[in-house]
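For the sequence shown, the positions run -15 to 87 when our numbering is used.
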Amino acid sequence: MPVEKEPQQHEFLNRLRKTGARVSVYLTTGERLDGQIRSFDVYSVSLNCPEPRLIVKTSIASVQPYDKAAKRPRAPLVQTIAATPAKPPIIQRKVRRLPSDKT
-15 MPVEKEPQQH EFLNRLRKTG ARVSVYLTTG ERLDGQIRSF DVYSVSLNCP EPRLIVKTSI
45 ASVQPYDKAA KRPRAPLVQT IAATPAKPPI IQRKVRRLPS DKT
């Protein structure tokens, strides 16, 4: 994590923690966790869900404040990108022929 982004990230997480706002945390696996941020540090976020969880920041895709008007989390851009299946790479084999020994 670049050092210059940490203050912005910490301000955002601290504001959500102090206000007790509900958040939706989207993981890189596609799983969504809803709850409140209890604490955080440079490497992890502690989330109050139905059961408390400690989440490593490298596994977090995005953190979204809960949208009170729609009573659902705001749709993150990461979710739409992660939801589209990636096409498998096309692998082509090239046959190499060794020079034959013609004597």
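Think of the CB as a built atom: it goes at the ideal place given N, C-alpha and C, for glycine as much as any other residue.
Measuring alpha carbon to alpha carbon, tell me which residue in the options is nearest residue i.
i        : options                     : result
LEU11    : LEU(-3), THR3, ILE39, ARG81 : ILE39
SER30    : PRO(-9), GLN(-8), ASN(-2)   : ASN(-2)
VAL9     : ARG81, THR42, SER84         : THR42
GLU(-10) : TYR50, PHE24, ARG37         : PHE24
What residue does the alpha helix (DSSP H) around residue i start on, and which one ends it?
i    : result
ARG1 : -10 to 3
What are the boundary residues of the beta strand (DSSP E) that residue i is part of?
i     : result
SER28 : 28 to 32
By the three-class DSSP mapping on this structure, what secondary structure does residue i have?
i     : result
SER23 : strand
ALA53 : Summary for ALA53: the model assigns pLDDT 46, below 50, so the residue's position carries little reliability; its value from the coordinates is reported in the next sentence. Three-state result, ALA53: coil.
What does a CB cutoff of less than 6 Å around residue i pick up in its chain, not counting 5 residues either side in sequence?
i     : result
ASN32 : GLY19, GLN20, ARG22
LEU0  : VAL7, ILE21
Just to confirm, does residue i get its C-beta within under 7 Å of one of the non-hydrogen atoms of the ligand ZN?
i     : result
PRO36 : The model on display carries no ligand, and the ligand ZN is accordingly not part of it.
Short of 8 Å in beta carbon distance, which residues of its chain neighbour residue i, apart from the five on each side in sequence? Order them along the chain.
i       : result
PHE(-4) : VAL47
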